[in-house]
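Q: Have a look at this one before I ask anything.
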Amino acid sequence: MSELVFFSGTMDCGKSTLALQIGHNRSARGLQGVIFTRDDRAGEGKLSSRLGLVTEAVEATEGMDLYGYLVDQLSKGGKVDYVIVDEAQFLAPDQIDQLARVVDDLGLDVFAFGITTDFRTKLFPGSQRLIELADRIEALQVEALCWCGARATHNARTVGGEMVVEGAQVVVGDVNRPVEEVGYEVLCRRHHLRRMTSASAHAGALSPDVLPVTSA
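For my numbering, add 6 to where a residue sits in the sequence shown, where the first one is 1.
Spelled out as structure tokens, the structure:
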């Protein structure tokens, strides 16, 4: 039976790497798939991982009918055995409905990868719809770590190293961006609630207010 599977986790936990691995394993068996992505760090129409692996993909633009695209490919004689969707959190709920229809009507497995919550700890609409519709939800086994060494559970947006909690839900960035740019960092719940990033923790550690006192 074909399935809609949602692989979820924080940033920096290997989602795109696993998506590439699933595609590789199936292509090695002679299967052909369609890869959709949205707002990948490598640019339009790319699926990339932080390990440096990149492959071509179809950019799932706003308003695009994913089901219609696949039907069109099949009607032209194209071979599609499975579908991979990276950055699925950025898709609209109706596009997630289309992916469910791909599974039910076309009999194709759909493997969707994405983060569940944004920098404000609110569910992305695409992720919420996947949670509602997926046949199976898989938490990725590679644990991202907070700067303190604890398991990271939350995504934080940073500007100049400082955590921000206001702004548009989608602003493309990366955990490897220079500290002065808009970037992202994974944190444990404690430090997300305290808005304490690695940069602010480092600055605090160097502050004279917290340096040890030495006796004369």
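Glycine is no exception: its CB is placed at the ideal position from the N, C-alpha and C atoms.
Nearest by alpha-carbon distance to threonine 122: which of Met169, Gln175, Asp110 and Thr164 is it?
A: Per the Cα distances, Gln175.
Q: For my contact list, valine 89 and valine 116 are in at a C-beta cut-off of 8 Å; report their separation, rounded to the angstrom.
A: With a Cβ gap of about 5 Å, valine 89 and valine 116 count as contacting.
Q: Report yes if the C-beta distance between glutamine 79 and valine 86 is below 7 Å; otherwise report no.
A: Going by C-beta atoms, glutamine 79 is nearer than 7 Å to valine 86.
Q: Would you mind working out which of Thr203, Arg142 and Gln134 sits nearest arginine 163, comparing C-alpha positions?
A: Of the candidates Thr203, Arg142 and Gln134, the one whose C-alpha sits nearest the C-alpha of arginine 163 is Thr203.
Q: Please specify which runs of the alpha helix (DSSP H), each continuous and at least 4 residues long, are wholly inside the region 68 to 106, giving them in chain order.
A: Whole alpha helix (DSSP H) segments, 4+ residues: 72 to 81.
Q: Run the CB neighbour count on valine 109, radius 10 Å, all protein chains shown included, and call it buried at 16 or more, exposed below.
A: Result: buried.
Q: What is the residue span of the alpha helix (DSSP H) that serine 133 lies within?
A: It spans 131 to 139 - the alpha helix (DSSP H) in which serine 133 sits, taken as one unbroken run.
Q: Would DSSP call lysine 52 helix, strand or coil?
A: In the structure shown, lysine 52 sits in a strand (DSSP, three-state: E or B).
Q: How is serine 8 classed by DSSP in three states: helix, strand or coil?
A: It is coil, neither helix nor strand.
Q: Consult DSSP for valine 108 and reduce its assignment to one of helix, strand or coil.
A: The answer is helix: DSSP assigns valine 108 an H, G or I state.
Q: Rank Ala209, Ala156, Arg200 and Pro99 by C-alpha distance to the C-alpha of proline 131 and give the top, closest one.
A: That would be Pro99, whose Cα lies nearest to the Cα of proline 131.
Q: Taking glutamate 187 as the reference, which of Val165, Thr23 and Ala205 has the closest Cα?
A: It is Val165 whose Cα lies nearest to the Cα of glutamate 187.
Q: Tell me where the alpha helix (DSSP H) around alanine 25 begins and ends.
A: That run of the alpha helix (DSSP H) goes 21 to 33.
Q: If distances are taken between C-alpha atoms only, which option among Glu168, Ala207 and His208 comes closest to tyrosine 190?
A: It is Glu168 whose Cα lies nearest to the Cα of tyrosine 190.
Q: Take the Cβ of aspartate 124 as the centre, count every other Cβ of all protein chains shown within 10 Å, and call the residue buried at 16 or more, exposed below.
A: It counts as buried.
Q: Using a threshold of 7 Å, state whether the C-beta atoms of cysteine 152 and alanine 158 are closer than that.
A: For cysteine 152 and alanine 158, yes; Cβs fall inside 7 Å.
Q: Rounded to a whole number of angstroms, what is the C-alpha to C-alpha distance between arginine 105 and glutamate 172?
A: The sequence given here places leucine at residue 105; arginine does not occur at that position. So the two alpha carbons sit approximately 31 Å from each other.
Q: In chain order, what residues of the same chain have a beta carbon less than 8 Å from the beta carbon of threonine 127, not counting five sequence neighbours either side?
A: Contacts found: His160 and His198.
Q: If I follow the unbroken beta strand (DSSP E) through arginine 142, where does it start and stop?
A: Element bounds for arginine 142: 142 to 145.
Q: Which class does arginine 196 belong to by DSSP, given the choice of helix, strand or coil?
A: Arginine 196: helix per DSSP, three-state reduction.
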